[in-house]
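In my numbering, the protein residues as written are 8 to 211. Scroll down for the structure; my scribbles are underneath it.
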Amino acid sequence: PTAAALGDGADGQLRADPWQLLRVPGVRPEQADGFARALLGAQCGPDDERRGRAITVWLLEQAAVAGHAALDVATLIAALGQRAVPDPDAAVQGALAEGDALVFQDALEGTEVPGPRTDVEATRGEAGGEDGAVGEDAEPERPVRVLIGLERYALAEESLADGLARLINSLPKETDDTRELESPDWEAAATQASGSAAELIRAV
Numbered sequence: 008p009t010a011a012a013l014g015d016g017a018d019g020q021l022r023a024d025p026w027q028l029l030r031v032p033g034v035r036p037e038q039a040d041g042f043a044r045a046l047l048g049a050q051c052g053p054d055d056e057r058r059g060r061a062i063t064v065w066l067l068e069q070a071a072v073a074g075h076a077a078l079d080v081a082t083l084i085a086a087l088g089q090r091a092v093p094d095p096d097a098a099v100q101g102a103l104a105e106g107d108a109l110v111f112q113d114a115l116e117g118t119e120v121p122g123p124r125t126d127v128e129a130t131r132g133e134a135g136g137e138d139g140a141v142g143e144d145a146e147p148e149r150p151v152r153v154l155i156g157l158e159r160y161a162l163a164e165e166s167l168a169d170g171l172a173r174l175i176n177s178l179p180k181e182t183d184d185t186r187e188l189e190s191p192d193w194e195a196a197a198t199q200a201s202g203s204a205a206e207l208i209r210a211v
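Next comes the structure, spelled out in structure tokens:
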């Protein structure tokens, strides 16, 4: 299983980073920690940045298995703290910097977008020395939620959503003359998607 998960040169990868053992299915953080202690001895510690990155990826893998392609950054940081990662923020940043994970933004539903300032508010801002460069036509920023996910899962979910959206838009419009809609062309939608998204569409 180790060779299958890590590919050729698994021995060298594990010597360089013993926590890569977490990429092997079924291995848990405490088992990877035990392997690292046996390999590194006194140099092994919970604050090792390699450990933080590996546990970040492991948590995202577990979330994906449970049906969550990405995790809210606050949820991920809390989970890292429960796994005795001393600096969860640094662990997440390290995983992002190494390309092990990606960051996404998801617009929050049910939140009001701040409207443009009134003339009175604008006047007060100018009197108070605020920067008046923002014009009346400026787009207000919509609140977003920051998510962290593994590329292969998060992009597959995004591709699936795009494929389903194209499929829905391709359906004939319902009219008063006809209420029967043609069966959706799932195969056509699947060919426009990629990877895991195509497999999910074909399974519908």
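Glycine included, C-beta positions come from ideal geometry on N, C-alpha and C. In this text the structure is predicted, and so the values were computed from the model without any measurement.
Let me check understanding here. Comparing Cα to Cα, which of the options lies closest to residue i?
i: A215; options: A85, I84, V64, D96; result: Residue coverage of the chain in this structure runs from 8 to 211, which leaves residue 215 outside it and unanswerable.
i: A39; options: L46, A108, W26, A104; result: W26
i: V151; options: N176, D107, A97, A114; result: A114
i: D94; options: G19, Q20, L78, G52; result: G52
i: E158; options: E68, L21, G19; result: E68
i: R30; options: L66, A49, Q50, G48; result: L66
i: L28; options: Q50, A61, E56, G16; result: A61
i: L87; options: R22, D54, E148; result: D54
i: R57; options: G19, A71, A97; result: A97
i: E148; options: G41, Q112, G59; result: Q112
i: P36; options: V92, S177, G101; result: V92
i: L154; options: V34, V80, N176, G41; result: V80
i: R22; options: L47, G33, G14, V34; result: L47
i: P32; options: G41, L13, A43, V99; result: L13
i: V34; options: Q20, Y160, T9; result: T9
i: L78; options: G41, Y160, D24; result: Y160
Take the Cβ of residue i as the centre, count every other Cβ of all protein chains shown within 10 Å, and call the residue buried at 16 or more, exposed below.
i: G74; result: exposed
i: A11; result: exposed
i: T125; result: Any reading at T125 needs caution, since the residue's pLDDT is 40, under 50, leaving its predicted position unreliable; the model's value is listed next. With fewer than 16 Cβ atoms within 10 Å of its Cβ, T125 is classed as exposed.
i: R90; result: buried
i: V72; result: exposed
i: A45; result: exposed
i: A85; result: exposed
i: A70; result: buried
i: A49; result: exposed
i: G122; result: Reliability fails at G122, whose pLDDT of 47 lies under 50, so the model's placement of it is uncertain and the value that follows must be treated cautiously. Label assigned to G122: exposed.
i: G16; result: exposed
i: L188; result: In this prediction, L188 scores a pLDDT of 49, lower than 50, which makes its location untrustworthy; no coordinate-derived value is stated.
Who are residue i's beta bridge partners in DSSP?
i: A114; result: V151
i: G156; result: A77, L109
My guess is that residue i and residue j are in contact by the Cβ rule of under 8 Å, so how many angstroms apart are they, rounded?
i: A108; j: G156; result: 7 Å
i: G101; j: G59; result: 6 Å
Can you list, in chain order, the stretches of the alpha helix (DSSP H) that have 4 or more residues and sit fully within the stretch 16–73? Runs found: 17–23, 36–47, 56–72.
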